[in-house]
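Q: Residue numbers (the UniProt record's numbering), protein chains in the order written: chain A, 1 to 138; chain B, 1 to 176.
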Amino acid sequence: MSGEEEENAAELKIGDEFLKAKCLMNCEVSLILEHKYEQLQQMSEDATNQMSQVFEKSLQYVKRFSRYKNPDAVRQVREILSRYQLAEFELCVLGNLCPETVEEAITMVPSLKSKDRSLNDDAIDKMLNDLSLIKKFE
Amino acid sequence: MFFHIVLERNMQLHPRYFGRNLRDNLVSKLMKDVEGTCSGKHGFVVAITGIENVGKGLIRDGTGFVTFPVKYQCVVFRPFKGEILEAVVTMVNKMGFFAEAGPVQIFVSNHLIPDDMEFQSGDMPNYTTSDGSVKIQKDSEVRLKIIGTRVDATEIFCIGTIKDDFLGVINDPTTT
């Protein structure tokens, strides 16, 4: 279990498999799960009985913590964040938590400042600004 | 964090399910088998979103069961050490509080709650700052950092902290 001991999301050590995998923001998960829930409801009347507890809890959670409700806004958020050469995991943490200041963003995602990243404070500031604009005009 | 990943599983199917609907049967059995399960490696399987490919079946000696390797896409929830996320408080006691982020339970010990927050007992136990401006109780929304995970056969359990910059209550149910 040595691999697990070294796991640390702050340094982006989340294992190769997850690092390469597609991360999902809460708002994206919300769209997927609601779609699936509707499908289940159409197939049978007692859809609520068929859902696993994990599904139910996840759906409640992402509904509560989705920053963006509108599918177009969700797409825009991903598009804007993907301009900054972020790792999938970093992109989703920012999209989920929507930090307001550069300092907050770096505390939430310390790996932003690690290595020889070309990302300076101004770039981060612009990124956060763009995000808050989407929220405003949603 | 939620991920969209591709997993593989060997599905055993009884011969009575063979025929035109073999694939449908295989998929519905897969959903029944894996949705809602949890493994230490991949976390909680929340929902299957698609089937990537169904391999060639192999007849088991002696039983007539056929094993199909199935590759499927699914949404999983996997918490990581060091990850910061938002959660809903579910229970408060003098040891600390429990919060839930989707399927995962997170415990925040009172050592990892800021020192200026005191436990208040009563019918709505809570942690409150001395000036009463910040309160953590059932249904509060908090932002916390996961500092440890424990993996069980069927569950992942996390330890979290709110004793750090930009962590703590984000929404108090009594004020909204």
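Just so you know, even glycine gets a beta-carbon here, dropped at the ideal spot from N, CA and C.
Nearest-angstrom Cα distance between A/A87 and B/H14?
A: C-alpha separation (whole angstroms): 43 Å.
Q: In three-state terms, what does DSSP make of A/Q53?
A: Here A/Q53 sits in helix by DSSP.
Q: From B/F128 to B/E86, what distance separates their C-alpha atoms?
A: Note that residue 128 of chain B is Thr in the sequence shown here, rather than Phe. Near 19 Å, if we compare the C-alpha coordinates of B/E86 and B/T128.
Q: Are the region 102–122 of chain A and the region 10–24 of chain B touching by the rule of at least three beta carbon pairs closer than 8 Å?
A: Not touching, per the Cβ criterion.
Q: Put B/P69 into one of helix, strand or coil per three-state DSSP.
A: Looking at B/P69 - three-state DSSP - the assignment turns out to be strand.
Q: Hey, quick one: how far does the alpha helix (DSSP H) through A/A73 stretch, first residue to last?
A: Note, A/A73: alpha helix (DSSP H), P71 to L81.
Q: Excluding sequence positions up to five away, which residues of its chain have a Cβ less than 8 Å from the Cβ of A/F89?
A: Cβ neighbours of A/F89 beyond the five flanking positions: A9, L12, I14, F18, L19 and C23.
Q: Between the C-alpha atoms of A/Q76 and B/I146, what's the straight-line distance to the nearest angstrom?
A: Rounded to the nearest angstrom, the two C-alpha atoms are 29 Å apart.
Q: Just to make sure I have the definition right: I need the residues of chain B whose C-beta is within less than 7 Å of the C-beta of A/I14. Which are they?
A: Going along chain B in sequence order, the residues near A/I14 (Cβ under 7 Å) are F80.
Q: Going by DSSP in three states, A/C98 sits in which element: helix, strand or coil?
A: In the structure shown, A/C98 sits in coil (DSSP, three-state: anything other than H, G, I, E or B).
Q: Distance, Cα to Cα, B/V108 vs A/S114?
A: Going by the C-alpha atoms only, they are around 28 Å apart.
Q: DSSP state of A/Q60, grouped into three classes?
A: The answer is helix: DSSP assigns A/Q60 an H, G or I state.
Q: Assign A/K57 to buried or exposed, taking buried as 16 or more other Cβ atoms, counted over all protein chains shown, within 10 Å of its Cβ.
A: Buried, since its Cβ has 16 or more Cβ neighbours within 10 Å.
Q: If you measure from the beta carbon of B/D152 to each beta carbon in chain A, is any gap under 8 Å?
A: So, not an interface residue.
Q: Which residues in the same chain have their Cβ closer than 8 Å to the Cβ of B/G160, if we skip the five residues on either side of it in sequence?
A: Taken in chain order, the residues that qualify are A87, A99, I106, F107, V108, L112, L144, K145, I146 and I147.
Q: When we look at the beta-carbon of B/P79 and count the other beta-carbons within 10 Å, is it buried (16 or more) or exposed?
A: When all chains shown are included, B/P79 counts as buried.
Q: Does chain B have any CB closer than 8 Å to the CB of A/S2?
A: Low local confidence applies: a pLDDT of 46 at A/S2 is under 50, so the model's placement there is unreliable, and no value is given.
Q: Quick check: the region 64–72 of chain B against the region 4–12 of chain B, are there 3 or more CB pairs under 8 Å?
A: Segments in contact, yes.
Q: Give the secondary structure of A/L86 by DSSP, where H, G and I count as helix, E and B as strand, and everything else as coil.
A: A/L86 falls in the coil class under three-state DSSP.
Q: Taking C-beta pairs closer than 9 Å, name the residues in chain E that A/Q39 reaches, listed in chain order.
A: This model lacks chain E altogether; the protein chains it does include are A and B.
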